[in-house]
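Undergrad: Here my numbering is used: the first residue of the sequence shown is 5, the next is one more, and so on.
Quick one: structure below, then a few questions.
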Amino acid sequence: MIDEILRFNASFVENKGYERFVTSKYPDKKLAILSCMDTRLTELLPAALGLKNGDAKIIKNAGATILQPFDGAVRSLVVAIYELGVEEVMVVAHSSCGACHMNGEEIRAAMEARGIKKDTLEVLRNSGIDLDFWLEGFHDTEESVRKTVATIVNHPLIPADVRVCGFIIDSVTGRLTRIV
Numbered sequence: 005m006i007d008e009i010l011r012f013n014a015s016f017v018e019n020k021g022y023e024r025f026v027t028s029k030y031p032d033k034k035l036a037i038l039s040c041m042d043t044r045l046t047e048l049l050p051a052a053l054g055l056k057n058g059d060a061k062i063i064k065n066a067g068a069t070i071l072q073p074f075d076g077a078v079r080s081l082v083v084a085i086y087e088l089g090v091e092e093v094m095v096v097a098h099s100s101c102g103a104c105h106m107n108g109e110e111i112r113a114a115m116e117a118r119g120i121k122k123d124t125l126e127v128l129r130n131s132g133i134d135l136d137f138w139l140e141g142f143h144d145t146e147e148s149v150r151k152t153v154a155t156i157v158n159h160p161l162i163p164a165d166v167r168v169c170g171f172i173i174d175s176v177t178g179r180l181t182r183i184v
């Protein structure tokens with residue numbers, strides 16, 4: 005698959021397919037979106053929100069969640085705010101999210117089945133890394149959105165003047181539901 009992508013890319017560049025995507029690094033709408041990495045949202049999310057290339061910083065991870073106050077999603081938001089001028093943040097989870105069913109124990113078992121040694125997992129545990137917590141999903145999408153919004157709003161490095169709102173997007177229709 006990667007070789008196929010590389011062939012396509014060479015043609016894309018040669019034919020100047022990039023020209024319609026040229027923009028600056030600064031989001032035109034001063035907006036950052038924390039959303040899920042789900043493949044159904046790749047094109048649906050920006051289309052349903054009326055966004056074009058250059059309008060917003062879109063940060064994606066499994067479940068549109070923030071697990072720890074200084075994880076990668078928060079780092080991206082801090083950079084977006086202080087370096088790129090973001091003034092508003094949308095947390096956008098979605099219906100039928102796979103992260104809603106993730107189970108840390110099952111994922112650890114899958115790791116072992118794929119060759120990750122139990123010793124490695126034990127070293128991580130002894131180093132204070134709680135893999136079950138890190139790999140566990142959530143069971144209530146609305147509650148997950150509320151928790152993520154609260155983490156951002158109450159974060160010591162997020163300024164109080166940054167507006168933060170939470171939503172769930174329907175994975176089929178694109179309809180947004182605001183989570184209060």
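All C-beta atoms in this analysis are idealised placements derived from N, C-alpha and C, irrespective of residue type, glycine included.
Quantities reported herein were computed from a predicted structural model and do not represent experimental measurements.
Locate the beta strand (DSSP E) running through Met5, then write down its first and last residues.
TA: Looking up residue 5 in the sequence shown gives position 1. Here Met5 belongs to no beta strand (DSSP E), and DSSP marks it neither H nor E.
Undergrad: Return yes when the Cβ of Ile63 is within less than 8 Å of the Cβ of Ala52, no when it is not.
TA: Taking the sequence shown and counting its residues from 1, the one referred to as residue 52 is at position 48. Taking the sequence shown and counting its residues from 1, the one referred to as residue 63 is at position 59. It is not a contact, given that the beta carbons lie outside the stated cut-off.
Undergrad: State buried or exposed for Ile133, treating a residue as buried only when at least 16 other CB atoms are found within 10 Å of its CB.
TA: Along the sequence shown, one-based indexing puts residue 133 at 129. It is exposed - the Cβ of Ile133 has fewer than 16 other Cβ atoms within 10 Å.
Undergrad: Grouping DSSP H, G and I as helix and E and B as strand, with all else coil, what is Leu48?
TA: Walking along the sequence shown from the start, residue 48 turns up at place 44. Leu48: helix per DSSP, three-state reduction.
Undergrad: Can you name the residues that DSSP bridges to Glu92?
TA: Position 88 of the sequence shown, counted from the first residue, corresponds to residue 92. Leu35 and Arg167.
Undergrad: Rounding to the nearest angstrom, what Cα-Cα distance links Leu48 and Trp138 in this structure?
TA: Taking the first residue of the sequence shown as 1, we reach residue 48 at position 44. Taking the first residue of the sequence shown as 1, we reach residue 138 at position 134. Roughly 28 Å separates the two Cα atoms.
Undergrad: Give me, in chain order, the residues of the same chain whose beta-carbon lies closer than 8 Å to that of Glu109; leave out the 5 immediate sequence neighbours on both sides.
TA: Your numbering for residue 109 matches position 105 in the sequence shown. Around Glu109: Asp136.
Undergrad: Under a three-way DSSP split, which group does Asn13 fall into?
TA: The residue labelled residue 13 in the question sits at position 9 within the sequence shown. Reduced to three states, the DSSP call for Asn13 is helix.
Undergrad: Are Ala36 and Ala68 touching if we call contact CB-CB under 8 Å?
TA: Translated into positions along the sequence shown, residue 36 becomes position 32. Translated into positions along the sequence shown, residue 68 becomes position 64. Going by C-beta atoms, Ala36 is not nearer than 8 Å to Ala68.
Undergrad: Val90 and Gly170 - do their beta-carbons sit closer together than 8 Å?
TA: Taking the sequence shown and counting its residues from 1, one reaches residue 170 at position 166. Taking the sequence shown and counting its residues from 1, one reaches residue 90 at position 86. Taking 8 Å as the Cβ cut-off, Gly170 and Val90 do not qualify as a contacting pair.
Undergrad: What ranges does the beta strand (DSSP E) occupy inside the region 62-145, keeping only unbroken runs of at least 3 residues that lie completely in it?
TA: Segments of the beta strand (DSSP E) lying fully in the region 62-145: 92-98.
Undergrad: Count the other CB atoms within 10 Å of the CB of Phe142; is the residue buried (16 or more) or exposed (fewer)?
TA: Here residue 142 is taken as the residue at index 138 of the sequence shown, counted from 1. Answer is buried; the Cβ neighbour count reaches 16.
Undergrad: Can Val93 and Leu38 be called in contact, C-beta distance under 8 Å?
TA: Locating residue 93 in the sequence shown gives position 89, counting from the first residue. Locating residue 38 in the sequence shown gives position 34, counting from the first residue. Their beta carbons are under 8 Å apart, which means Val93 touches Leu38 by this criterion.
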